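If you're matching positions, the sequence shown starts at 1 in the UniProt record's numbering and goes up one per residue.
Using N, Cα and C, we set each Cβ at its ideal position, and we do this for glycine too.
The model shown is predicted, which means the values in this text are computed figures rather than measured ones.
Below: the structure, in structure tokens.
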Amino acid sequence: MTIQGKAIAVRHVLIDEASAGQRIDNFLLRHAKGVPKSHIYRILRGGEVRVNGRRVQQTYRLLEGDEVRIPPLRVAQPTASAPAPAGKPLPVVWEDDALVVVDKPAGKAVHGGSGVSYGVIEQLRSQRPQARMLELAHRLDRETSGLLIIAKKRSALTALHDMMREGRSEKRYLTLVPGRWLNPLQHIKVPLFKYLTAEGERRVRVSAEGKPSHSVVRLVRRWRRFSLLEVELKTGRTHQIRVHLAHLGFPLCGDDKYGDFALNRQLQGEGLKRMFLHAASLRFAHPLTAAALDLHAPLPDDLQQFIDYLDAEDGPEDA
Numbered sequence: 001m002t003i004q005g006k007a008i009a010v011r012h013v014l015i016d017e018a019s020a021g022q023r024i025d026n027f028l029l030r031h032a033k034g035v036p037k038s039h040i041y042r043i044l045r046g047g048e049v050r051v052n053g054r055r056v057q058q059t060y061r062l063l064e065g066d067e068v069r070i071p072p073l074r075v076a077q078p079t080a081s082a083p084a085p086a087g088k089p090l091p092v093v094w095e096d097d098a099l100v101v102v103d104k105p106a107g108k109a110v111h112g113g114s115g116v117s118y119g120v121i122e123q124l125r126s127q128r129p130q131a132r133m134l135e136l137a138h139r140l141d142r143e144t145s146g147l148l149i150i151a152k153k154r155s156a157l158t159a160l161h162d163m164m165r166e167g168r169s170e171k172r173y174l175t176l177v178p179g180r181w182l183n184p185l186q187h188i189k190v191p192l193f194k195y196l197t198a199e200g201e202r203r204v205r206v207s208a209e210g211k212p213s214h215s216v217v218r219l220v221r222r223w224r225r226f227s228l229l230e231v232e233l234k235t236g237r238t239h240q241i242r243v244h245l246a247h248l249g250f251p252l253c254g255d256d257k258y259g260d261f262a263l264n265r266q267l268q269g270e271g272l273k274r275m276f277l278h279a280a281s282l283r284f285a286h287p288l289t290a291a292a293l294d295l296h297a298p299l300p301d302d303l304q305q306f307i308d309y310l311d312a313e314d315g316p317e318d319a
């Protein structure tokens, strides 16, 4: 995208249900892609943006029926960029008019950026052009498979964010680690600090400077060389499961950031081609109706095949 110098005349936008609850600054950033953030905040401070004829702060949350005046802006014009390909439909685990939960395949980013031209959200928008709104309620790492929630209404998105921030949802993952995990149930509470490497890559480490984080680990099965664990997230820090388990000496099998790289090469030869991490279950109250939702996604074929391989070749721990 490049700024082409094309200015759009004054616009008056009537806020519908899909946009209600959104902050005015985020609304403008979405409706004026390519305009620098600094300019968006400048026109807000200068009073050029009006809601119902009045100046508003950048933190103002839009209400259904508000009329927003957007001044002329120079916006980015697409230059030879292909639309997101529709691709194979994503498996839908649950859906209603407020949200959709899909079973994301490994290797697919949840959104475009950082060298990825498009992801799950762009694919869904391409497949559902009639949808008034589709927004990610949370994130999964690119190599993680499993359950992902997408909101179809602004009110649902806001409620889901509140629910997750307050710990009123339950997310459980399945992962495989090398070695013998001993405790049937173990709480991991160590702070995590996010930083960038010299190459600009996002990383996380255990540090007193970091944010509090809490994982609950349950032993599912053991073989002679490996342990299958279920990890429940009480907080949702970046790379939390990966860093917590690596910190205790149990890096995730196939993890290319925090894992045992020599072991990963060996596992490639044994059939495990990617990180063994799967978002297996979600439990939460529906954000609008409060109905209890208990959703599950079975292990994808590649991970289940490696479990079958361990059953056949590695044997149980007491063999």
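Cβ neighbour criterion (16 or more within 10 Å) applied to residue i
i           : result
residue 242 : buried
residue 92  : exposed
residue 292 : exposed
residue 298 : exposed
residue 10  : exposed
residue 110 : buried
residue 52  : exposed
residue 250 : buried
residue 296 : exposed
residue 267 : buried
residue 255 : buried
residue 80  : In this prediction, residue 80 has a pLDDT of 46, which is less than 50 and means its spatial position is unreliable; nothing more can be read from the coordinates.
residue 78  : For residue 78, the predicted model reports a pLDDT of 49, less than 50, meaning its position is unreliable; a value from the coordinates is still stated below. Exposed.
residue 103 : buried
residue 269 : exposed
residue 207 : exposed
residue 202 : exposed
residue 271 : exposed
Nearest residue (CA-CA) to residue i, options the options
i           : options            : result
residue 312 : 29, 182, 223       : 223
residue 97  : 131, 11, 71        : 131
residue 21  : 158, 145, 122, 36  : 158
residue 162 : 254, 137, 186      : 137
residue 220 : 239, 184, 203      : 184
residue 227 : 252, 260, 188      : 252
residue 197 : 315, 257, 118      : 257
residue 179 : 42, 150, 229, 234  : 229
residue 233 : 194, 279, 274      : 279
residue 105 : 302, 63, 306       : 302
residue 100 : 287, 314, 308      : 287
residue 191 : 160, 169, 151, 235 : 235
residue 59  : 24, 290, 48        : 24
Range of the contiguous beta strand (DSSP E) that encloses residue i
i           : result
residue 296 : 292-296
residue 266 : No beta strand (DSSP E) contains residue 266, which is instead part of the alpha helix (DSSP H) from 261-270.
residue 278 : 277-285
residue 202 : 202-206
residue 247 : Looking at the DSSP string, residue 247 is not in any beta strand (DSSP E); the run it does join, the alpha helix (DSSP H), is 240-247.
residue 195 : 192-196
residue 237 : Counting along the chain, residue 237 falls outside any beta strand (DSSP E), and DSSP gives it neither H nor E.
residue 176 : 169-178
residue 14  : 11-14
residue 215 : 215-222
Span of the alpha helix (DSSP H) around residue i
i           : result
residue 306 : 301-309
residue 158 : 154-165
residue 370 : With the chain represented from 1 up to 319, any question about residue 370 goes unanswered, as that position is not in the structure.
8 Å contact criterion, which residue i and residue j should meet: CB distance rounded
i           : j           : result
residue 239 : residue 204 : 4 Å
residue 147 : residue 134 : So it is not a contact: roughly 16 Å between Cβ atoms.
residue 31  : residue 67  : No, residue 31 and residue 67 are not in contact; Cβ-Cβ is about 14 Å, not under 8 Å.
My parser needs the beta strand (DSSP E) runs of 3 or more residues fully inside the stretch 30-72; what are they? 67-70
Return the chain-ordered ranges of every alpha helix (DSSP H) run that is complete within the stretch 88-151 and spans a minimum of 4 residues. 120-127
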